[in-house]
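Chemist:
Numbering (our numbering), first residue to last: 430 to 830.
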């Protein structure tokens, strides 16, 4: 990697950390705050799922725009939108807590703001993934795109840490702080981020893009992110009910759970994968069984430390699977359509965030066991598709040789 590229990554990585911090802070706080406002678990799920639906539609569009318009512009616009809308989201939560708005009014305002955030910020991840594909060779693609996951992983560690540290200043203080951080990073990206040379020095070539070649990997992404969404949306309720805790305590302990998950994912993406540079198929076939085992420990936990351990196992599995999906899609995609391909990955993941929150929170209201059982079925399905992908890849390579 050239020095100029390293300088750009030194700006891009903290920007992605800011974006992911906002996500995990919201997941840690939304459940307890929503209950205090008078919203149900299902309404919280609807807010997240509705935004995810917009992500499904907008992500491939923003990915294609980044192929033509440039990665930097899409990243800066997305971060700016994220910061502004996040501040408005926190202000609306505050108004609901103070009784300025009725619970129903608060719900619809939060729904509108989350959808707006999704429509305007959906380009951040596909543009960033396309950026990494632009500056890396095919041989190093898995390790390169894992840096995106590592940045998000570090943000998911720092987000709950910020929630635990700042919640004493007010339960919404972490949301305000991280939104401002996102705006600062948008400004720094605008000033310092260097556009990949492919975008600025070469004309885009018309290149065929076949979704059929990446469809199995998109199916795996849908399964994995459905499970991830179920865990994210129900853990706050699970921890609060498990401990019998108040909202403040539940938010803090949920933050520790997500920190455990994120630390494990970061070690995989920023350490193990960077050192070993395994093939995408190996990442999938290793990560999914670990994820499933962690889910089993989560289901039978009898003490809080066991929940923390289970979250760490699930983070380990997710930290392997996510870059496996991204690298696998990237390697099956032409050089001039990397942004569009990354957009389809986010679209599949966002579809999981439609199904996961709605079914996960809906089933949780009946019984937590049902939500966990759905997650197990989805992981098993993803593992089956991964075995199919690995078998076909090996067969294809044997035919070529």
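For each residue, glycine too, the CB sits at the ideal point set by N, CA and C.
1. Helix, strand or coil for residue 706 per DSSP?
2. Can the beta-carbon of residue 676 be found less than 8 Å from the beta-carbon of residue 737?
3. Check residue 639 in the structure and name its three-state DSSP category.
4. Distance, Cα to Cα, residue 562 vs residue 751?
5. Contact between the segment 769–784 and the segment 742–750 is defined here as three or more beta-carbon pairs at a separation below 8 Å; is this criterion met?
6. Could you tell me the boundaries of the alpha helix (DSSP H) in which residue 738 lies?
7. Going by CA-CA distance only, name the one from 693, 691, 668 that's closest to residue 681.
8. CA-CA distance, residue 702 and residue 719?
9. Using 8 Å as the threshold, is the C-beta distance between residue 542 and residue 518 below it?
10. Just verifying my parser: in three-state terms, what is the DSSP assignment at residue 552?
11. Taking the alpha carbon of residue 501 as the point to measure from, which residue in 666, 625, 525, 435 has its own alpha carbon closest?
12. Given residue 664, which residues of its chain have a CB within under 7 Å of its CB, disregarding the five upstream and five downstream residues?
13. Could you tell me whether the Cβ atoms of residue 713 and residue 649 are closer together than 8 Å?
14. Just to confirm, are residue 781 and residue 474 a CB contact at a threshold of 8 Å?
15. Since residue 557 contacts residue 446 with CB under 8 Å, what's their CB separation in whole angstroms?
16. Looking at residue 810 and residue 652, is the spacing between their C-beta atoms short of 8 Å?
17. I think residue 768 touches residue 709, with their Cβ atoms under 8 Å apart; what is that distance to the nearest whole Å?
18. According to the Cβ coordinates, are residue 727 and residue 816 closer than 8 Å?
19. Applying the 10 Å Cβ sphere with the 16-neighbour rule, what's the burial state of residue 734?
20. Does the Cβ of residue 470 have 16 or more other Cβ atoms within 10 Å, making it buried, or fewer, making it exposed?
21. DSSP state of residue 499, grouped into three classes?
22. Alpha carbon to alpha carbon, what distance is there between residue 614 and residue 577?
23. From residue 536 to residue 451, what distance separates their C-alpha atoms?
24. Could you give the residue range of the alpha helix (DSSP H) that holds residue 469?
25. Mind checking whether residue 495 and residue 555 have CB atoms under 8 Å apart?
26. Give me the Cα-Cα distance between residue 605 and residue 516, rounded to the nearest whole angstrom.
27. Please identify the residue among 484, 672, 786 whose C-alpha is closest to the C-alpha of residue 459.
28. Considering Cα atoms alone, identify which of 644, 656, 743, 514 is closest to residue 455.
29. Just to confirm, is the Cβ distance from residue 600 to residue 462 under 8 Å?
30. Identify, in the order they occur along the chain, each residue of the same chain with its Cβ nearer than 6 Å to the Cβ of residue 740, setting aside the five sequence neighbours on each side.
31. Mind checking which residues open and close the alpha helix (DSSP H) that includes residue 776?
32. What did DSSP end up calling residue 625 once you bin it into helix, strand or coil?
Modeler: Taking the definition as stated:
1. coil
2. no
3. Residue state, collapsed to three classes: coil.
4. Answer to the nearest angstrom: the Cα atoms are 15 Å apart.
5. no
6. 733–760
7. 668
8. C-alpha of residue 702 to C-alpha of residue 719: approximately 16 Å in a straight line.
9. Going by C-beta atoms, residue 542 is nearer than 8 Å to residue 518.
10. Coil.
11. 625
12. 683, 686
13. Contact flag set, yes.
14. With contacts defined by Cβ atoms closer than 8 Å, residue 781 and residue 474 do not form a contacting pair.
15. Your pair residue 557 and residue 446 does not check out as a contact, with CB atoms roughly 11 Å apart and the cut at 8 Å.
16. In this structure, residue 810 lies closer than 8 Å to residue 652 by Cβ.
17. Going by Cβ atoms, the distance from residue 768 to residue 709 rounds to 19 Å, so no, they are not a contact pair.
18. No. Outside cutoff.
19. Around the beta-carbon of residue 734, fewer than 16 other beta-carbon atoms lie within 10 Å, marking it exposed.
20. buried
21. coil
22. 16 Å
23. In a straight line, the C-alpha of residue 536 is about 19 Å away from that of residue 451.
24. Where residue 469 is concerned, there is no enclosing alpha helix (DSSP H), given that its DSSP letter is neither H nor E.
25. yes
26. 6 Å
27. 786
28. 514
29. yes
30. 686, 689, 690
31. 767–795
32. coil
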